[in-house]
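Heads up: the sequence lines are chains H and W, in that order.
Its first residue numbered 6, the first sequence is counted upward by one per residue in this note's numbering.
Its first residue numbered 436, the second sequence is counted upward by one per residue in this note's numbering.
Heads up, the beta-carbon is just placed ideally off N, CA and C, and yes, glycines get one too.
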Amino acid sequence: MLQRLRTQRGPQLALLLTLWVVLGRLFAGNWTFPLDRSSLTPFHTWLGNGMDSIDANRNTNPIMSNVVEGIRNGIDGFVAALQNLLSQPPAGHQFPLVGWLGVIAIVTWVVYATANWRVATLAGIGFYALGALGFWTESMDTLALVIAAVVIALIIGIPLGILSGLFPRFEKLMTPFLDFAQVMPTFVYLMPVALFFLIGPASATIVTLIYAIPPALRITAVAIRGVPTVTVEAGTSLGTTRWQLLRKVQLPQAKRTIVVGINQTIMAALSMVTIAALIDAPGLGQVVVQSLQKLDVGTSFQAGLAIVVMAIVLDRATTAAAAKVQRESVQAARTRLRRRLGLGIGFVGVVVAVLVSYFTVFGAQFQGSGFIGLPFADAMQAGADWVQLHWSNATSWYTDLISNWFLNPLQSALVGTPWFLTGAVVLALAYMFGGPRLTAVCALLLAVLVGTGLWSDAMVTLAATFFAAAITIVLGVFFGAWMGRNHRVDSILRPVLDAGQVLPAFVYLVPFLGLFGATRFTAILAAVVYAAPASVKLIADGVRGVPQTIREAALSAGANTWQVITKVELPMARHAIALATNQGLIYVLAMVVVGGLVGAGGLGYLVVAGFAQSSLRGKGMAAGLAIVVLGILIDRITQAASQPRVRASIGNGH
Amino acid sequence: MTIRLHGGVLIAAAASLVLTACGAASTSSSSTTTTSASATTSASAAACGTFNMAINPWVGYEANAAVIKYVAEKQLGCTVTTKNISEQVAWQGFATGEIDAIVENWGHTDLVKKYITDQKVAVDFGPTGNEGIIGWYVPPWMAQKYPDITDWKNLNKYASLFKTSESGNLGQFSDGDPAYVTNDEALMKNLKLNFKVVYLGSEAALIQGFRNAETQKKPFIGYFYEPQWFLSEVPLVHIKLPAYTPGCDAVAAKIACDYPPYHLNKVVSVKFANSGSPAVKLIKNFSWTNDDQNLVAKYITVDKMTDDQAAAKWVAANQAKVDAWLK
């Protein structure tokens, strides 16, 4: 059945594509909604005026003055308290309350307590490296902001996630909001947030929250739903109340996955560091943004590396904590006792270190700040200069090749085809993969996209998105299969992938610009750097999940390595590949705005322009909306397409 | 068990923090170096207080702000809080009370109308002395090799040189930071030039484009402006457009003339202007030349000084100018 479904789909898809290309050529240039850079549609003007009126009423509206001010003061106070501890001296002091020595001791000890010695050592060295890179204070500012955002995100996200896990209807209600929060470019709401919550830590925290709550909420819901029905039913049959069931059965069982959610929340918060710097968030993001202004490649890599180090430490610590939650129940009593002893001794050490950092300048002020960072910055600068000088002829040739042969035809097809033709193809795909319900949803989304008045720009963005996603998938399959098969490759590549995911794009934009110019290709590369790691990791996971017995069976049947990979492992990992495709597209779309900063044009540029020019505010918002619509369309259709198995088996009557 | 353990972790961590808080005596008492500004100031210190200055994201602005901050803190005893934000957010800050001063403003007639004329929360505080020039530029090697390229009438002759993967059959004309209003699309149409305006999206992209063009002798033409630190690295050559006459830019779609010269100015909040702080006079009187600004910008970018070091160096050599602002 499955096989038949798939073979039927091939010709259908081919026919659809051919029709689209032929008819598109035939009517090329008609009904395409072109719009000049500075022209506005009535919808854009309406959005702009709406923002202006909020702007004007800010001071007279009682909700603004009470509720918003309350939230703002609360968050500002929270962040300021954390900063006083970690980074900024409180009034009357010369140093923050806990100096570098104390912070490193506390971090190491907490990681030891929640994870293990190996990761604790990594955490200690990693935090020391932050100072050695020359950014102790900035790193602690960033840490304060991340802690504040993550704590609030969890306070909001976990309860809502539990509700979503328990009540599917509540989850349906939340989904559109979560999609919006994750896909809407931050640039769009940066100004409104700064208007309501003013410039400073509160706004920065809220901007970060908007992006960091969805993973906490979504993963908690998955965790609650993942508790086996049998367990829940057993609990119910024993007559427990719903609340007891939640506390005694579902939450403990879901704990490990919830910790994974905390991990993702932290990563999401860290990825906002640079953007939040645009509304004066303190910390490492400031350094990155300011060195971009001066095209100071060295310093921006130096600060970027500090962000990467912090991300890796926090990621490994929470991942190890999640693993430990799972292991703990089987731990022997003796090991437990030994651990407690270790923790006790360690605690004394922590207290001493904290006291030393409070009372002595040695412990308060990082010693030898930047002794690694400055040579590193110089080396990066020299390397970037050298590469630009010697490679740029080859690279600009390459840019032209890719643009002229692949990107331009794709873009002119998408931009030149009448909107209703492309729309019809989208609806046909939705019907093929998802049935009438999905078709209705997609029709609504398409109507919104047309309504934004930015169809043409959306198609420019879509072309670049498809192209970047294609590169991402190819890289994902290649490196994913390699990593999944070979643990050593995995352990070497994984930190590189982590760096790609958390290094702020602003850091590598300047060298990329030097090599590839301000072109769509540069934007595509930036998107690939960000999106490929997720795809690679997902596919590697999928390949690793292929049972060893099947692999051995294929080998004993005389298959060579190449055949094992292409005929056994990749087909068996196709769910992972489908997921990687879906995530690859969404991640690429998340970089559209960054692309707008380096010559991608399209929706990304409009969002940036809306942030910079008040007359284009409404248009920028509409562009943000268009990006969200594209994101949801792509997500729903690829998700439906990756689940043929379910439909096939339902059709078989299983 | 696990829950108890984790609870213990939190309590222990909290305890160690409380311990530090109970440590009473602050570190500052044991240290000898205080960097407080008030040490060098006279009685006027109390009168000045704190004001918030926006730092808009370009180095020329940073130079103005660095010198004003340095003088206000070191010679008037003020506390200056700086906020790194973009222009629109900065203007919005006048309305929310978060920003007291913008010390290099490029036109922005829409924002002037909104915040100065309509909402009356900000007030124009006069020119900075810097002359802003906006226009079309080519890298110096091109002006040398093709001397007549500097007149717009000859641009079509060279249009094919500027073809790129982004511009199709036309030459690429590069626009940069979206924060600036540009008339370039209208100019291309109205002057019948075979160029396509490509929006690079950021100042960094534009500078990197010009820099590559000069080091590798590649054709490049784009929108740029003075004063700008990059011109001290690569002295771009200005292209002559039909001369600006007042009113020639009245209808956006029909513009066929050069950009107007900009008299860069300072804008402060009404609240600050009425505060009676000595810093009000400093900002009102602050005025220097393009050369002054370029020098400080060079200290910051090329010599990699901090803002404070750069300002200190300039002030030490120009105390007479500073005294004139304080009179």
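- Taking 8 Å as the threshold, the shortest C-beta distance from aspartate 545/W to chain H falls below it.
- In this structure, valine 193/H sits away from serine 208/H, with a CB-CB distance that is not shorter than 8 Å.
- Nearest CB-CB separation between glycine 79/H and chain W: not below the 8 Å threshold.
- Boundaries of the alpha helix (DSSP H) around serine 417/H: 413–421.
- Leucine 596/W does not reach chain H, its nearest Cβ partner there being about 14 Å away, counting only Cβ pairs nearer than 7 Å.
- Proximity of chain H to lysine 518/W at the Cβ level (cut-off 9 Å) is accounted for by Ile204, Gly205, Ile284 and Asp285, in chain order.
- Less than 8 Å divides the Cβ of proline 662/W from the Cβ of asparagine 725/W.
- Shown here for alanine 746/W: same chain residues with a beta carbon closer than 6 Å to its own, the five before and five after excluded, namely Ala501, Val502 and Tyr505 in chain order.
- When the alpha-carbon of alanine 578/W is set against those of Trp493/W, Asp619/W, Lys652/W and Lys733/W, the nearest one is in Lys652/W.
- Under the Cβ criterion of 8 Å, glutamate 508/W is not counted among the residues facing chain H.
- Contacts with chain H at 8 Å (Cβ-Cβ) include leucine 635/W.
- A residue is called buried when at least 16 other Cβ atoms come within 10 angstroms of its Cβ; serine 169/H meets this threshold and is buried.
- Separation of leucine 250/H and isoleucine 229/H (C-alpha to C-alpha, rounded to the nearest whole angstrom) is 11 Å.
- Judged by DSSP secondary structure, valine 757/W falls outside any beta strand (DSSP E) and instead within the alpha helix (DSSP H) spanning 754–761.
- Close CB contacts of alanine 463/H within its chain, under the 7 Å cut and outside five residues either way in sequence, are with Leu454, Leu608, Ala631 and Leu635 (chain order).
- If you ignore the 5 residues before and after glutamine 728/W, its C-beta comes within less than 7 Å of the C-beta of Gly495, Ala498, Asn499, Asn565 and Pro662, all in its own chain and listed in chain order.
- In chain W, no part has a C-beta under 7 Å from the C-beta of asparagine 268/H; the shortest such distance is about 16 Å.
- DSSP, reduced to helix, strand and coil, places alanine 536/W within a strand of the structure shown.
- For isoleucine 490/W, DSSP records a beta bridge to Asn519/W.
- By the neighbour-count criterion, in which a residue is buried when 16 or more other Cβ atoms sit within 10 angstroms of its Cβ, glutamine 17/H is exposed.
- Contact note: asparagine 409/H reaches chain W through Ser600, using a C-beta cutoff of 8 Å and chain order.
- As computed with DSSP, glutamate 566/W is found in a beta bridge with His698/W.
- Of the residues assessed, aspartate 743/W falls on the exposed side of the cut-off, its CB having fewer than 16 other CB atoms within 10 angstroms.
- In terms of Cβ geometry, alanine 685/W and leucine 626/W do not form a close pair [threshold 8 Å].
- The stretch 397–417 of chain H makes contact with the stretch 586–604 of chain W; the number of CB pairs closer than 8 Å reaches 3 or more.
- Rounded to whole angstroms, the gap between the alpha carbons of proline 380/H and threonine 544/W is 46 Å.
- Classified as exposed, histidine 492/H has fewer than 16 neighbouring CB atoms from the shown chains inside 10 Å of its CB.
- For glutamate 574/H, no beta strand (DSSP E) encloses it, and the DSSP letter there is neither H nor E.
- Less than 8 Å separates the beta-carbon of valine 632/W from that of aspartate 619/W.
- Beta-carbon to beta-carbon, serine 619/H and glutamine 523/W are separated by about 6 Å, close enough to satisfy the 8 Å threshold.
- As a beta-bridge residue in DSSP terms, tryptophan 571/W pairs with Tyr658/W and Ile674/W.
- Within the same chain, Ser401, Thr404 and Gly604 come within 8 Å of glycine 522/H by CB-CB distance, once the 5 residues on both sides are set aside.
- Glutamine 93/H is outside the set of residues whose beta carbon lies under 8 Å from a beta carbon in chain W.
- Boundaries of the beta strand (DSSP E) around tyrosine 634/W: 630–634.
- Bounds of the beta strand (DSSP E) holding phenylalanine 608/W are 606–610.
- DSSP assignment within the stretch 708–761 of chain W yields the following whole alpha helix (DSSP H) runs of 4 residues or more, N-terminal first: 713–720, 725–736, 742–752 and 754–761.
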